[in-house]
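Here is the structure we will look at, set down as structure tokens.
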Amino acid sequence: MKKLTALKLVMAVAMLSFLTGFSQEKPVTKLLKSYIANSNALCETKQVNNVLSLFDDRYKNNIAYVGLSGIVKRSTISFEQFSEQLADNIKNKNYNFHMTIGDIVHESQKERAGTVSAIVHFESKIDGKVAEKGTILMNLVASLVRGEWKIIHNNTVRVSEGSDIGNCVCYLFSKGSSFFNAETYYPAGVEYEREYQSFRVSARNGKRIIKGNDVTYTWAENGDVLDAGRKLGNAKSSDEAVKVVLTHVYSETCTKIDFN
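FYI, in my numbering the residues of the sequence shown are 1 to 260.
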């Protein structure tokens, strides 16, 4: 009876050891979760090294970015560029970037290397407004570097799925130097909206003015473009003056306007 009890105890200990080993988090997955957590905490900690310490200095990230408009951009960033990017983010007090892991779709852990593929949801905000939100397919490769697990490579597919503010595109058509029509595309949730506006540059009582749909702006002799006395910018030509006005009109929606 004692032998049977001892045998059961040995089997129980062996099973517990097996289950404990089986449930232990893989180093590569642990790195992924630490990267997400430390990145999310950056706006509070301001400690870039909490993130960078997880990466090898030979780290590369191949990125395919699918924008809201459907345009695909590809790039590769190095460890140095990644470091500069993080430093710039924490300098911008109005900017916040947050990630959450949706699903871990694949894990492979070897003795000296590991890979993990995960669906990561992200949201970036500027002054509390959603600049962009979407999904990242993240494929991390980790390796033992001088006895420590480090992220050495990343293949990223980032898909933008919504935005309240962001880059805008404006097609500006002119008839001489007095009449302008603007066709502006700006982010609005899950798609881009299009808006048309007309402007006329003329003189009134000896002063140059820019007449928009509902507002009249002053274009002073020194080139300053004014809205009720408030300077919006400076322009040497009428088309530049209209661009200053458009930048002001869409200032709450467009972080940048590409004029064509």
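Quick reminder that beta carbons are idealized off the backbone N, C-alpha and C, glycines included.
Computed from a predicted structure; not experimentally measured.
Item, Value
"With H, G and I counted as helix, E and B as strand and the rest as coil, what does DSSP make of A220?", "coil"
"Keeping to the same chain, check which residues put their C-beta closer than 8 Å to that of K133; ignore five residues upstream and five downstream.", "H121, F122, E123, S124, S160, E161, G162 and S163"
"Buried or exposed: which applies to V249, given that a residue is buried once 16 or more other Cβ atoms fall within 10 Å of its Cβ?", "buried"
"Exposed or buried, what is K46 when buried is set at 16 or more other beta-carbons lying within 10 Å of its beta-carbon?", "exposed"
"How would you label N61, buried or exposed, when you count the other beta carbons within 10 angstroms and need 16 or more for buried?", "buried"
"When we look at the beta-carbon of Y287 and count the other beta-carbons within 10 Å, is it buried (16 or more) or exposed?", "There is simply no residue 287 to check, as the chain begins at 1 and stops at 260 in what is shown."
"Which residue comes first and which comes last in the beta strand (DSSP E) that contains V157?", "E148 to G162"
"Does any residue of chain D have a CB that is nearer than 8 Å to the CB of K236?", "Absent from the structure: chain D. Only one protein chain is present."
"Does the separation of the CB atoms of T115 and N139 fall below 8 Å?", "yes"
"Cα-Cα, which of N213, I136, E193 and N92 is closest to C43?", "N92"
"Please report how far the alpha carbon of S69 lies from the alpha carbon of P187, in whole angstroms.", "9 Å"
"May I ask which residues mark the beginning and end of the beta strand (DSSP E) holding D56?", "F55 to V66"
"Check Q109 in the structure and name its three-state DSSP category.", "strand"
"Please confirm whether Q85 and V28 have their CB atoms less than 8 Å apart.", "no"
"Of the choices A182, C170, I257 and S39, whose alpha-carbon is the least far from that of F82?", "S39"
"Taking DSSP's pairing of strands, which residues face D258 in a bridge?", "V169"
"What alpha helix (DSSP H) runs, 4 residues minimum, are completely inside the stretch 202-253?", "238-249"
"Determine the DSSP secondary structure at N94, reduced to helix, strand or coil.", "coil"
"Please report the straight-line C-alpha distance between N96 and T135, rounded to a whole angstrom.", "16 Å"
"So is Y59 buried or exposed if we call it buried at 16+ other beta carbons inside 10 Å?", "buried"
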